[in-house]
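Visitor: Would you mind keeping the following structure in view while I ask a few things?
Numbering (the working numbering), first residue to last: -17 to 157.
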């Protein structure tokens, strides 16, 4: 089944992939998909409720700190009850925040990474001017042909989509 999807993607984007440097292909893919996933989260998750719960959690932490410093056991017990209620609300929101977007994003991610792997497996997308020890550990652990100063498609995609997602979350004032 995936092979048919990969062939269709090859037909649509194959000429572009053959004529464009891999770094640009993976960068543009990371930007587009990173923005898509953030916007999906923005529209599917109740941002106001998320912010409200974060504010409540921060206030509760401050109250806990004050109660511990003063040694007020009665207040600590009340705060623990408040904390349980807050955790219940947070769990309910997290279910919505992760489940809905994940049902849409995971199939896209699995298909897309598998397809990119066909084109760029063991291809150095970016070469750093220095050896980064974590890349060396990772490459040795997975017996990669990449050198410690090279980053493959997955790493470069992750970095670009992370940066785009972080910036977009700030712009959209997401919780």
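The beta carbon of each residue, even a glycine, is placed where N, CA and C say it ideally should be.
Source: prediction; values computed, not measured.
Please classify residue 27: does DSSP put it in a helix, a strand, or coil?
Guide: The residue given as residue 27 occupies position 45 in the chain shown. Residue 27 falls in the coil class under three-state DSSP.
Visitor: Which word fits residue 107, buried or exposed, when buried means at least 16 other C-beta atoms lie within 10 angstroms of its C-beta?
Guide: In the chain shown, counting from the first residue as 1, residue 107 sits at position 125. By the beta-carbon neighbour count (other beta carbons within 10 angstroms, threshold 16), residue 107 is buried.
Visitor: For residue 98 versus residue 135, is the C-beta distance shorter than 8 Å?
Guide: Position 116 of the chain shown holds residue 98. Position 153 of the chain shown holds residue 135. Taking 8 Å as the Cβ cut-off, residue 98 and residue 135 qualify as a contacting pair.
Visitor: Assuming residue 110 and residue 4 form a contact by the criterion Cβ under 8 Å, report the distance between their Cβ atoms to the nearest whole angstrom.
Guide: Reading the chain shown from its first residue, position 128 is the one you call residue 110. Reading the chain shown from its first residue, position 22 is the one you call residue 4. No, residue 110 and residue 4 are not in contact; Cβ-Cβ is about 15 Å, not under 8 Å.
Visitor: Do you know how far the Cα of residue 52 is from the Cα of residue 46?
Guide: As a first step, residue 46 is located in the chain shown; it is residue number 64 there, counting from the start. As a first step, residue 52 is located in the chain shown; it is residue number 70 there, counting from the start. Spanning the two alpha carbons is a distance of roughly 10 Å.
Visitor: Considering only DSSP beta bridges, list what residue 109 is partnered with.
Guide: For the purposes of this step, residue 109 is taken as residue 127 along the chain shown, with counting starting at 1. Under DSSP, residue 109 takes part in a beta bridge, and its partners are 132.
Visitor: Residues in its own chain within less than 7 Å of residue -1 by CB, not counting five upstream and five downstream?
Guide: Numbered from its first residue, the chain shown carries residue -1 at position 17. Here the set comprises 7, 101.
Visitor: Could you tell me the distance, in whole angstroms, from the CA atom of residue 95 to the CA atom of residue 137?
Guide: Working through the chain shown from its first residue, we reach residue 95 at position 113. Working through the chain shown from its first residue, we reach residue 137 at position 155. The straight-line gap from Cα to Cα measures roughly 11 Å.
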